[in-house]
DNA sequence: TGAAATGTTGGGGCG
DNA sequence: ACGCCCCAACATTTC
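In the numbering used here, the protein residues as written are 389 to 867.
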């Protein structure tokens, strides 16, 4: 045995920046006695027009944290810059690795890349991006679900996960493998979202345990952007600093321990959000064309207005509708936006401004720290009414009512729109209705310190209903 | 994971 | 006492 050459494996890290419950890493350790952790800094990450600097910095910091935890395990991270296919091939040759292990990623870009890699080197993809593989959650005839509720029922009927893999104590990696430097970070994303597995676990623990576990009244408070009620785990799930299976096992465990039916409801609704995540990953896996445009054939030719000045106002948080503007400022400043707010601004862009949802999808990807192709596309198509299980197109959010309902005192608005800080509660969602004298008294003159609404909601709603109905009518006539 | 328009009901004011 | 009207409050339909 001693004389047999050791098997060498590459652990190719992509969006699984963790040691705990990592199936690719575990498989590599089982296969080989020498495992080399590798990350390829894909040039596309730095040149693409849809990468946010905050998200990139979050990832880079996550890689530093990962390297630190590897170093106390007799290992370290090997970083290479370049084209992933070429770099992996080079590394295999260089290290004499006989197998490459990685966590399967379902995005079209990743699948294309991985197909090429598999043609060049021995390559094994392991599950982990979702708890249940998209191919495992299908109808009896093998076809994928396109509606959330039946999908979630099927998902829940599968054997629940109960075991997660512990972080390995030791990963012997030979010293001296050349590694490129990680790029410097340029944003302040670490202030809001410190990267890394330890932080992710801390957040999960705070959410489900601690003195005031938010998970127990999650169902009552999750829709309120003015409260700190969400799990705040999305960036960590995005980069696999937290294993989704870890989250689901935690949810199932508290459900069993929950003291009352009421507190179980909170966990149930959090689990549902995790299943939404799996749903959209599965949609992108089975229908990669959603990345290019509308899922629904009958709504793929909407005549969008696509007014650049209107789009600009939306991006900058200058629409004159406080709840929309507050949310858009939160996004640009922190790299994150509350889920309810995402729905509100998406409805506003598509159905009030009549701007193509793909413009909004791109803007989100340019700013979100948790930006994920599958979830982002799914969310936008849902809001626009063009997607799977989409909101019917005539469901148009009223930005005033949404504000009053989900930010009743206007504290979310005042947090992100300092110019409205002195506006009384009565007018916080409709500042343009303030009498001029009162505008002066509170230091907000509409049109000077804060814009008047750039569009009339009632009129815009009618325009959108007509545009969607027309697209649908033309589609059925052409059949 | 809507909102607006329209319809129905029932209590109170009033002749 | 009774019917009529008004109009919230709630329900249903429509977009």
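By construction, the Cβ of each residue, glycine as well, lies at the ideal position given by its N, Cα and C atoms.
From residue i to residue j, what distance separates their C-alpha atoms?
i: residue 672; j: residue 818; result: 39 Å
i: residue 536; j: residue 861; result: 26 Å
i: residue 685; j: residue 863; result: 8 Å
i: residue 529; j: residue 497; result: 28 Å
i: residue 429; j: residue 761; result: 18 Å
i: residue 508; j: residue 475; result: 11 Å
i: residue 390; j: residue 682; result: Residue confidence for residue 390 is low, a pLDDT of 42 falling below 50, so the modelled location carries little weight; the figure read from the coordinates is stated next. Computed Cα separation, rounded: 59 Å.
i: residue 459; j: residue 587; result: 18 Å
i: residue 675; j: residue 735; result: 23 Å
i: residue 546; j: residue 558; result: 33 Å
i: residue 655; j: residue 567; result: 43 Å
i: residue 717; j: residue 415; result: 43 Å
i: residue 571; j: residue 433; result: 12 Å
i: residue 738; j: residue 727; result: 17 Å
i: residue 604; j: residue 611; result: 14 Å
i: residue 609; j: residue 569; result: 43 Å
i: residue 438; j: residue 403; result: 17 Å
i: residue 859; j: residue 623; result: 36 Å
i: residue 697; j: residue 807; result: 22 Å
i: residue 555; j: residue 619; result: 23 Å
i: residue 495; j: residue 564; result: 33 Å
i: residue 420; j: residue 461; result: 16 Å
i: residue 531; j: residue 867; result: 24 Å
i: residue 853; j: residue 841; result: 20 Å
i: residue 625; j: residue 405; result: 10 Å
i: residue 809; j: residue 743; result: 30 Å
i: residue 830; j: residue 710; result: 16 Å
i: residue 865; j: residue 855; result: 15 Å
i: residue 780; j: residue 650; result: 31 Å
i: residue 828; j: residue 731; result: 33 Å
i: residue 821; j: residue 703; result: 24 Å
i: residue 646; j: residue 589; result: 20 Å
i: residue 560; j: residue 733; result: 49 Å
i: residue 521; j: residue 493; result: 11 Å
Opposite residue i in the DSSP bridges: which residues?
i: residue 396; result: 422
i: residue 489; result: 399, 512
i: residue 430; result: 470
i: residue 526; result: 532
Answer yes or no: do residue i and residue j have a C-beta to C-beta separation smaller than 7 Å?
i: residue 870; j: residue 455; result: Summary: the structure shown does not reach residue 870, with the chain confined to residues 389 through 867, and so no result is reported for it.
i: residue 485; j: residue 398; result: yes
i: residue 708; j: residue 839; result: yes
i: residue 584; j: residue 453; result: yes
i: residue 670; j: residue 805; result: no
i: residue 488; j: residue 400; result: yes
i: residue 440; j: residue 754; result: yes
i: residue 678; j: residue 765; result: yes
i: residue 491; j: residue 516; result: yes
i: residue 791; j: residue 443; result: no
i: residue 811; j: residue 832; result: yes
i: residue 770; j: residue 749; result: no
i: residue 445; j: residue 573; result: yes
i: residue 729; j: residue 613; result: yes
i: residue 457; j: residue 513; result: no
i: residue 813; j: residue 798; result: yes
i: residue 539; j: residue 667; result: yes
i: residue 519; j: residue 549; result: yes
i: residue 617; j: residue 597; result: no
i: residue 663; j: residue 543; result: yes
i: residue 621; j: residue 591; result: yes
i: residue 552; j: residue 652; result: no
i: residue 740; j: residue 843; result: yes
i: residue 788; j: residue 795; result: no
Are the stretch 689–698 and the stretch 622–642 in contact at 8 Å, needing three or more beta carbon pairs?
-> no
Does the stretch 578–592 come close enough to the stretch 717–733 that 3 or more CB-CB pairs lie under 8 Å?
-> Yes: at least three Cβ pairs fall under 8 Å.
Validate contact between the stretch 468–484 and the stretch 652–663 using beta carbons, cut 8 Å, 3 pairs | no
Between the stretch 461–470 and the stretch 422–439, are three or more C-beta pairs nearer than 8 Å?
-> Short answer: they touch.
Sufficient close CB pairs (3 or more, under 8 Å) joining the stretch 780–788 to the stretch 839–849 = yes
What runs of the alpha helix (DSSP H), each 4 residues or longer, lie entirely inside the stretch 729–773?
-> 745–755, 761–772
Which whole runs of the alpha helix (DSSP H) in the stretch 826–867 are 4 residues long or more, in chain order?
-> 845–865
Segments of 4+ residues assigned as alpha helix (DSSP H) that fall wholly inside the stretch 589–640 | 606–609, 622–626
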